[in-house]
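Chemist: For reference, the structure I am asking about is given below.
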Amino acid sequence: MSKEKSFMKKYYPKNLERKWQKFWEKEKIYKFNSKKKGEIFSIDTPPPTISGKMHIGHAFSYTHQDIIARYQRMKGKNLFYPFGTDDNGLPTEKLVEKENKVKIFDMERQNFIKLCRKTLKKLRPGIVQEWKDIGISCDFDLNYSTISKEVQKLSQKFFIELYKKKRAYRKQAPCLWCPQCQTAIAQADLEDKERKSFLNYIKVNIIGTNKYVTFATTRPELLPACVGVSIHPDDKRYKKYIGMKVKMPLTEAEIEIIPDKKTDMNYGTGVVYYCTYGGIECVEWMERHPNIKPINIMAPDGKYNKKAGKYSGLKTLEARKKIIEDLKITGALEKQESITHIVNTHERCGTDIEFISTKQWFIKYLDLKKDFLKFGRQIKWFPEYMRKRYENWIKGLGWDWCISRQRYFGIPFPLWYCAKCDKIKLAKISELPIDPLHYQPKTKCSCGHSKFIPEKDILDTWATSSLTPKIAIDLVKDKKTRKKLFPMSLRPQAHDIINFWLFYTIARSKLHFNKIPFKTIIVSGFVLDPKGEKMSKSKGNVVAPKEVIEKYGVDVLRHWAAKAGLGEDLRWSEEEIKGSKRTITKLWNASRFCFLHLKNFKKTNNLNVKKLEEQDKWILHLLQTTIKDYDNYFKKYEFKKARQVIDDFFWKKFCDNYLEIVKPQLYDENSSEQSKEKIKFCLYTVLLSILKLYAPFIPFITEELFQDYFKKQEKEKSIHQCLIPKINLRLLNPKIKKEIDEVMDIISSIRKYKSERGWSLKKEINEFSIRTKNKKIKKYSKLLETVMNIKSIKIKIIK
RNA sequence: GGACGGUUAGCUCAAUUGGCUAGAGCAUCGCGUUUACAUCGCGGGGGUUACAGGUUCAAGUCCUGUACCGUCCACCA
11 MSKEKSFMKK YYPKNLERKW QKFWEKEKIY KFNSKKKGEI FSIDTPPPTI SGKMHIGHAF
71 SYTHQDIIAR YQRMKGKNLF YPFGTDDNGL PTEKLVEKEN KVKIFDMERQ NFIKLCRKTL
131 KKLRPGIVQE WKDIGISCDF DLNYSTISKE VQKLSQKFFI ELYKKKRAYR KQAPCLWCPQ
191 CQTAIAQADL EDKERKSFLN YIKVNIIGTN KYVTFATTRP ELLPACVGVS IHPDDKRYKK
251 YIGMKVKMPL TEAEIEIIPD KKTDMNYGTG VVYYCTYGGI ECVEWMERHP NIKPINIMAP
311 DGKYNKKAGK YSGLKTLEAR KKIIEDLKIT GALEKQESIT HIVNTHERCG TDIEFISTKQ
371 WFIKYLDLKK DFLKFGRQIK WFPEYMRKRY ENWIKGLGWD WCISRQRYFG IPFPLWYCAK
431 CDKIKLAKIS ELPIDPLHYQ PKTKCSCGHS KFIPEKDILD TWATSSLTPK IAIDLVKDKK
491 TRKKLFPMSL RPQAHDIINF WLFYTIARSK LHFNKIPFKT IIVSGFVLDP KGEKMSKSKG
551 NVVAPKEVIE KYGVDVLRHW AAKAGLGEDL RWSEEEIKGS KRTITKLWNA SRFCFLHLKN
611 FKKTNNLNVK KLEEQDKWIL HLLQTTIKDY DNYFKKYEFK KARQVIDDFF WKKFCDNYLE
671 IVKPQLYDEN SSEQSKEKIK FCLYTVLLSI LKLYAPFIPF ITEELFQDYF KKQEKEKSIH
731 QCLIPKINLR LLNPKIKKEI DEVMDIISSI RKYKSERGWS LKKEINEFSI RTKNKKIKKY
791 SKLLETVMNI KSIKIKIIK
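According to the working numbering, the stretch in the first sequence is residues 11 to 809, in order.
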């Protein structure tokens with residue numbers, strides 16, 4: 011193979027991407043240097059939940075944040091870009107169960123925890139590698155895991171702080187409960203689901219009369235737990251029965267009819283029965299009637315206990331079936347109406363939630379709603395309207411944050427209860443991290459007793475991940491730098507966790523530091539299937555990023571991901587992916603072409619720009635306006651438009667026009683070396699700039715092309731350590747742009763002229779005449795003749 | 001029911017603070033390859049900007065209403 015042919019080498023993304031990812035890691039290209047002067051740009055990287063493989067949505071939103079990170083780095087900022095994993099709590103437990111084909115409650119607690127650790131050790135490196143594979147430019151030495159000792163210590167310390175501030179408290183109350191996962195959950199963990207069900211009309215006798223009233227319910231199975239019947243005090247139909255009692259069918263329980271203004275006269279029959287607990291409305295009813303004692307019939311596993319009489323041992327749906335049968339027999343079931351209604355389910359497993367009265371730990375924060383809203387307004391949001399979601403959520407918050415989970419694999423509460431007086435005994439800060447199950451306090455309880463019962467609940471995973479800014483910053487040893495890092499510059503994330511991670515982080519930052527945790531929030535959308543529907547395993551429309559990368563390369567995936575701006579959803583489209591693939595290939599080929607002609611080119615800094623030809627000034631001028639637009643878009647986090655301007659400049663202006671114009675000149679043997687040198691200067695400058703502008707989007711191919719040719723004349727070790735080229739618009743006369751734009755129009759019309767006649771664009775024409783108002787166009791006649799292969803062009807000036 | 005987004009070419013999206021003939025990419029049709037790339041180039045066709053009013057010299061853009069789609073939240077025993 012000749013030397014020239016080596017410039018034609020093909021583009022194979024797979025090997026090249028692996029090579030540069032290793033290079034970056036080995037050379038520590040993205041290392042945070044706390045000693046470096048200049049502005050720090052810090053990112054509160056979302057720690058991926060260790061719950062399986064990377065989803066295309068991850069690749070999408072992490073690409074967005076990485077584009078911004080890389081851009082900021084190339085603007086000379088000192089990047090603090092850590093990478094952690096969220097590897098405790100329910101999602102991790104579910105993964106461990108699935109991976110090892112076990113069930114948590116069939117195992118000893120300690121064995122399950124051991125299995126979790128073992129499984130994580132096995133899977134974590136592979137998962138982190140998936141993030142490295144998509145070209146995330148984190149400093150992977152700034153690495154944390156939310157189950158590590160350091161993070162446990164920090165999380166426990168902050169819990170103790172909340173307790174001391176009287177923000178954390180424990181109380182017995184009906185809580186949101188998942189009977190599948192057998193744990194309390196928080197309001198944020200809920201997900202709506204539509205269910206088909208029946209509204210059952212049940213007739214009950216009013217004791218001491220021969221009258222009946224009928225109430226309607228979707229939850230007849232809770233009849234044994236019925237504690238109240240209400241009507242609206244103004245309801246003329248039932249007013250007369252207030253204070254009288256009804257006899258429940260099956261249980262024979264006698265329940266008083268109580269007036270309650272919250273009752274809707276127009277729904278069902280206007281008579282409501284309340285159970286402990288059929289739903290939030292029952293919980294609220296109980297709160298309004300504190301003298302009434304609940305009948306707790308549900309055990310943590312969702313089965314009914316002895317209080318449910320003959321229905322004990324059954325679960326909700328089984329009990330429902332049985333009770334309806336029994337009601338039919340007794341004749342109490344008047345009718346059944348089929349309805350569709352929305353029920354609350356557990357977001358992690360899809361099980362209908364229940365309310366069970368248990369002792370749980372809460373964080374008191376409802377009194378701070380106003381402050382949370384205020385903090386939200388102090389932070390810049392991109393897109394701005396996403397703040398509304400945050401505000402909407404806060405306004406709708408009705409419960410304190412339940413942070414205790416009756417699970418195994420998570421951060422333990424650092425406390426015990428006195429076996430005698432039940433008083434809480436906190437661990438000392440110096441003892442952290444601690445698992446109270448394995449240690450006893452060293453000092454006695456204030457009551458004098460020395461035996462303690464450990465708290466065996468664990469902390470909600472969000473109770474730890476809401477501390478990520480602090481967790482990440484604590485990885486830095488130098489105290490001064492730590493101070494500079496908080497609040498962080500940027501929090502990137504997707505919109506699905508505004509109510510979770512984002513809200514909780516701001517809430518914790520308010521509670522602990524009374525400061526906003528970050529200055530800016532960017533919110534990415536979702537990747538949808540080609541029809542615009544959510545991707546899900548059950549629908550079978552999931553696209554695996556690994557397969558896309560295998561087929562097209564990471565750069566293609568990243569280039570495509572930048573098609574959507576912040577907050578926008580992007581539909582999966584193989585056609586669009588192919589479009590990005592074409593851009594990458596084009597960049598490769600155009601670079602090869604330039605390298606061919608730049609083989610012996612020596613970079614010079616003292617070339618007089620004024621002496622360049624008009625065509626060269628034109629492309630440089632356009633380059634500068636492109637950079638200006640590009641920078642302006644990035645300032646507003648509009649990387650989508652930044653990509654558009656660079657795509658347009660590269661393909662339309664540089665390849666289709668500039669290269670086509672200079673190509674005949676470069677091959678022209680009569681053309682002087684001096685004039686060729688000017689063109690080469692432009693090829694070098696413009697191509698290198700294009701690569702730099704593309705680098706945040708497509709880091710692999712730009713690195714390859716940089717290393718392959720430019721490295722020998724540029725001092726930086728990697729293109730990702732270069733700066734975005736500076737612009738100096740004064741250098742060039744904007745009039746030239748107008749002239750060349752007109753010349754482009756002329757070229758276009760000559761192309762059309764040839765095209766209409768079915769001629770090749772290269773076909774030689776003897777003569778062609780142009781009319782123009784601009785006298786200056788005359789000086790381009792030689793250029794037009796060369797480019798369009800015209801023997802003689804005639805330019806007529808008209809008025 | 002509440003909040004927020006959206007509706008522009010067959011599809012996916014553009015269109016500064018209202019301002020020349022509403023633009024790209026994909027798709028489609030026609031033409032064109034010895035000299036980076038057919039993963040290409042050139043050219044053509046394709047739009048009553050969801051609908052109805054209003055403001056204005058001028059509306060895709062602003063205002064009012066309607067319809068439809070999407071997302072989040074709250075929900076009814």
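Note that the Cβ used here is the ideal one computed from N, Cα and C, for glycine as well.
Tell me the residue span of the alpha helix (DSSP H) that contains Y81.
Modeler: Here the alpha helix (DSSP H) through Y81 covers 66-84.
Chemist: Counting pairs of Cβ atoms below 8 Å between the segment 413-432 and the segment 463-474, do you hit three or more?
Modeler: The segment 413-432 vs the segment 463-474: in contact.
Chemist: Would you kindly report the start and end of the unbroken beta strand (DSSP E) that includes Q723?
Modeler: Per DSSP, Q723 belongs to no beta strand (DSSP E) and is neither H nor E.
Chemist: With a Cβ-Cβ cutoff of 9 Å, do P92 and T55 count as a contact?
Modeler: Yes; because the gap between Cβ atoms is below 9 Å, this pair is in contact.
Chemist: Quick check on this structure: which residue in F496, Q192, Q346 has the alpha carbon closest to the alpha carbon of F51?
Modeler: The candidate whose alpha carbon is nearest that of F51 is F496.
Chemist: Could I get the ranges of all uninterrupted alpha helix (DSSP H) runs contained in the segment 500-557, with 4 residues as the minimum, in chain order?
Modeler: Whole alpha helix (DSSP H) segments, 4+ residues: 513-523.
Chemist: Would you call the segment 335-347 and the segment 198-212 in contact, with 3 or more CB pairs under 8 Å?
Modeler: Because the criterion of three Cβ pairs below 8 Å is met, the segment 335-347 and the segment 198-212 touch.
Chemist: Closer than 7 Å by C-beta to G575: which residues in its own chain qualify, once you throw out the five before and the five after it? Chain order, please.
Modeler: These residues qualify, in order along the chain: E648, K650.
Chemist: Candidates D755, N25, G238, K246: which alpha carbon is nearest I305's?
Modeler: The shortest Cα separation from I305 among D755, N25, G238, K246 belongs to G238.
Chemist: Going by alpha carbons, who is nearest to V161 out of K785, I421, C359, K786?
Modeler: Checking every option, the nearest Cα to that of V161 belongs to I421.
Chemist: Three Cβ pairs or more, each shorter than 8 Å: is that satisfied between the segment 130-138 and the segment 499-518?
Modeler: No, the segment 130-138 does not touch the segment 499-518.
Chemist: Do K167 and L442 have their CB atoms nearer than 9 Å?
Modeler: Yes.
Chemist: Return the residue from the list E585, I689, I333 that minimises the CA-CA distance to K673.
Modeler: The shortest Cα separation from K673 among E585, I689, I333 belongs to I689.
Chemist: What does G94 pair with, by DSSP beta-bridge criteria?
Modeler: In the DSSP output, where bridge partners are listed per residue, G94 has Y154.
Chemist: Quick one: give me the first and last residue of the alpha helix (DSSP H) that S601 is part of.
Modeler: 584-607 is the span of the alpha helix (DSSP H), which, as asked, contains S601.
Chemist: Indicate the three-state DSSP secondary structure (helix, strand or coil) for M498 in the structure shown.
Modeler: Looking at M498 - three-state DSSP - the assignment turns out to be strand.
Chemist: Using the DSSP secondary-structure output, state which residues sit across from V239 in a beta bridge.
Modeler: I267, Y283.
Chemist: Closest to E752 by CA distance: which of D432, W141, K783 is it?
Modeler: Closest option to E752, Cα to Cα, is K783.
Chemist: K591 and W661 - do their beta-carbons sit closer together than 9 Å?
Modeler: Taking 9 Å as the Cβ cut-off, W661 and K591 do not qualify as a contacting pair.
Chemist: In angstroms with no decimal places, state the Cα-to-Cα distance between A705 and T712.
Modeler: Distance between the alpha carbons of A705 and T712 is about 6 Å.
Chemist: Is it buried or exposed, E714, if we count other Cβ atoms within 10 angstroms and call 16 or more buried?
Modeler: Buried.
Chemist: Enumerate in chain order the residues of its own chain whose CB-to-CB distance from K15 is below 7 Å, with the five nearest sequence positions on each side excluded.
Modeler: With a pLDDT of only 44 at K15, under the threshold of 50, the placement of this residue in the model should not be trusted; the figure read from the coordinates follows. Within the same chain, K15 has no close Cβ partners at all.
Chemist: How about F536 and F70: do their beta carbons lie closer than 9 Å?
Modeler: Yes, the pair counts as a contact, with Cβ atoms nearer than the cut-off.
Chemist: Considering R177, what are the terminal residues of the beta strand (DSSP E) in which it resides?
Modeler: No beta strand (DSSP E) contains R177, which DSSP labels as neither H nor E.
Chemist: Please state the DSSP three-state secondary structure of H569.
Modeler: H569: helix per DSSP, three-state reduction.
Chemist: Are the beta-carbon atoms belonging to P58 and H68 less than 9 Å from one another?
Modeler: Yes, Cβ-Cβ distance for P58 and H68 is below 9 Å.
Chemist: Since I believe I413 is in contact with W371 (beta carbons under 8 Å), could you give me their beta-carbon distance rounded to a whole number of angstroms?
Modeler: That pair is a contact at about 5 Å.
Chemist: Can you tell me the Cα-Cα spacing of P230 and Y284, whole angstroms?
Modeler: Cα to Cα, P230 sits roughly 10 Å from Y284.
Chemist: Just reading off the alpha helix (DSSP H) that Q409 is part of, what are its end residues?
Modeler: Note on residue identity: the sequence assigns Trp, not Gln, to residue 409. Unbroken run through W409: none, as it is neither H nor E.
Chemist: Tell me whether N402 sits in a helix, a strand or coil according to DSSP, three-state version.
Modeler: N402 falls in the helix class under three-state DSSP.
Chemist: What did DSSP end up calling M754 once you bin it into helix, strand or coil?
Modeler: Three-state result, M754: helix.
Chemist: Among residues of its own chain, excluding the 5 on either side of D151, which ones have a beta-carbon nearer than 7 Å to its beta-carbon?
Modeler: Same-chain partners within the cutoff: K41.
Chemist: Considering A196, what are the terminal residues of the beta strand (DSSP E) in which it resides?
Modeler: Element bounds for A196: n/a, residue is neither H nor E.
Chemist: Taking all protein chains shown into account, decide if F523 is buried (16 or more other Cβ within 10 angstroms of its Cβ) or exposed.
Modeler: Exposed is the call here.
Chemist: Given a threshold of 16 other Cβ atoms within 10 Å of its Cβ, counted over all protein chains shown, does K627 qualify as buried or as exposed?
Modeler: K627 is buried by the Cβ-count criterion.
Chemist: Using only CA atoms, which one of E585, K573, N738 lies nearest to T636?
Modeler: Looking at the Cα atoms, N738 is the closest of the given residues.
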